[in-house]
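Asks:
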Amino acid sequence: MSKQLNMVIDVQVPPDNDTRGLSEVEHEKYVAALNSRVSSLRDQGVSTLWVAMGDSQQVYSPPHSPELIDRLRFTGNDTAADEYIFEKRGMNGFTHTVDAVS
Amino acid sequence: MDGSRFMDGHFGEVTLHDHLQSQGIDHVSIMGGMAGFCITQNSVAASVHGYQTTIYPDLVVGWTNQKFEKAVWRESSPRQTEAEIKTAMTAMWMNPTEYGYLAHEGPKLLAAQRRIEFRHSGDDAPLSTRHALAVPKTAGRAAPTT
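Protein sequences appear in the order of chains Z and G. Just so we're aligned: the first sequence equals residues 1 to 102 in the working numbering. Just so we're aligned: the second sequence equals residues 1001 to 1146 in the working numbering.
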């Protein structure tokens, strides 16, 4: 029997001075849609792994640190995630070793 | 979540693949950002490693253009995000060494790309099916395919 995992990759809050990101309103709506999907999957027995890749961590947050989790939690981004994984060297978690799991 | 479970710098040489294997995962669904970067590279890598891989472009954030001037969430036009991802996937199999693969692995990446499904989170239907339903065929002319 197939065992599925939902992976949400690199959804973080942009820094205040980065105008390239989604607007606050767009971001809030997007995260709500994500959380709705994640909750639906959980009802189906599918867990969600929140994956934070290195490049964005270096831009948005202290790399692979508990502070990143706190920040995500504070902003409500992670309301439905079951597990977090951090990788700091690139964009591909399959080809680089993981730095931390929580 | 208990913050004390956080293991900074003590996870050893474990990859995401190892972590998924330890849980018996064989199917990954992927959403998040950015379309042409982490989403593309992790999706292709998952498929290369043998996972059934599904992307939900309606829940993926991309860039409005190649200059990366503005992020965009194309909630109502996920086919555009799918196209952005597929363009990035093409770059991968055409230039595998730039993405950490060996020069001869292009065909392997292309095969992996072709196994990846693009679905809509609303009804879990393939985007191609939804597209075909939304755009009726023109008489005497084949419907456009992408």
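Every residue, glycine too, gets a C-beta built ideally from N, C-alpha and C. No experiment lies behind these values; they were computed from the predicted model shown.
Look up G/Thr1054 in the DSSP assignment and say whether it is helix, strand or coil.
Replies: strand
Asks: Could you please give me the residues that DSSP links to G/His1049 through a beta bridge?
Replies: G/His1049 is not bridged to any residue.
Asks: So which of Z/Trp50, Z/Val46 and Z/Val51 has the shortest CA-CA distance to Z/Gln4?
Replies: Z/Val46
Asks: Note down the Cα distance separating Z/Gly93 from G/Pro1126, rounded to an integer number of angstroms.
Replies: 26 angstroms
Asks: Excluding the 5 residues flanking G/Gln1052 on each side, which residues of the same chain have their C-beta closer than 6 angstroms to its C-beta?
Replies: His1027
Asks: For my contact list, G/Lys1086 and G/Val1048 are in at a C-beta cut-off of 8 angstroms; report their separation, rounded to the angstrom.
Replies: The pair is not a contact, with the Cβ atoms about 16 angstroms apart (cut-off 8 angstroms).
Asks: Mind listing, in chain order, the continuous beta strand (DSSP E) runs of no fewer than 3 residues lying wholly within the stretch 1059–1131 of chain G?
Replies: 1071–1073
Asks: Checking contacts by CB at 8 angstroms: is Z/Ser2 closer than that to chain G?
Replies: yes
Asks: Using a cut-off of 8 angstroms between C-beta atoms, extract the partners of Z/Arg37 located in chain G.
Replies: Met1031, Tyr1056, Leu1059 and Ser1121
Asks: Per DSSP, which one or two residues make a beta bridge with G/Ile1030?
Replies: Z/Met7 and G/Ile1055
Asks: Would G/Thr1015 count as contacting chain Z if we go by Cβ distances under 8 angstroms?
Replies: yes
Asks: Hey, does G/Gln1041 have any beta-carbon neighbour from chain Z nearer than 8 angstroms?
Replies: Chain Z contact via Cβ: present.
Asks: Under the three-state reduction of DSSP, which class applies to Z/Ser47: helix, strand or coil?
Replies: DSSP places Z/Ser47 in strand when its eight states are reduced to three.
Asks: Going by alpha carbons, who is nearest to G/Ala1045 out of G/Arg1074, G/Glu1105, G/Val1072 and G/Asp1058?
Replies: A check of alpha carbon separations from G/Ala1045 across G/Arg1074, G/Glu1105, G/Val1072 and G/Asp1058 identifies G/Glu1105 as the nearest.
Asks: Would you please verify whether the beta carbon of G/Ile1085 is less than 8 angstroms from any beta carbon of chain Z?
Replies: no
Asks: Whole-angstrom Cβ separation of G/Met1089 and G/Thr1040, contact assumed at under 8 angstroms?
Replies: 6 angstroms
Asks: So with CB distances below 7 angstroms, who are the chain G contacts of Z/Glu24?
Replies: Residues of chain G passing the Cβ test: none, with the nearest at roughly 13 angstroms.
Asks: Shortest alpha-carbon distance to Z/Leu22 belongs to which of G/Trp1063, G/Val1014 and G/Glu1117?
Replies: G/Trp1063
Asks: Can you find a CB in chain Z that lies within less than 8 angstroms of the CB of G/Asp1094?
Replies: According to the sequence as given, residue 1094 of chain G is Met; it is not Asp. Under the 8 angstroms criterion on CB atoms, G/Met1094 is classed as non-interfacial with respect to chain Z.
Asks: So, is Z/Thr19 buried or exposed, given that buried needs 16 or more other C-beta atoms within 10 angstroms?
Replies: Z/Thr19 comes out exposed.
Asks: Of the residues G/Glu1013, G/Arg1119, G/Gln1113 and G/Ala1091, which one's Cα is nearest the Cα of G/Ile1055?
Replies: Of the candidates G/Glu1013, G/Arg1119, G/Gln1113 and G/Ala1091, G/Arg1119 places its Cα closest to the Cα of G/Ile1055.
Asks: Counting C-beta neighbours from all protein chains within 10 Å, is the total for Z/Gln44 16 or more, i.e. buried, or is it exposed?
Replies: exposed
Asks: What does the Cβ neighbour count give for G/Leu1020, buried or exposed, with the cut at 16 atoms within 10 Å?
Replies: buried
Asks: Are there 16 or more other CB atoms within 10 angstroms of the CB of G/Gly1033, so buried, or fewer, so exposed?
Replies: Classification for G/Gly1033: buried.
Asks: Please name the residue, chosen from G/Val1060, G/Ser1029 and G/Thr1129, that lies closest to G/Glu1082 on a Cα-to-Cα basis.
Replies: G/Val1060
Asks: List the whole-angstrom C-beta distance separating Z/Ile85 from G/Leu1016, where the pair is believed to meet the contact cut-off of C-beta under 8 angstroms.
Replies: 7 angstroms
Asks: Got a sec? Which residues, its chain only, sit under 7 angstroms from Z/Tyr30 by beta carbon, not counting five neighbours each side?
Replies: Leu22
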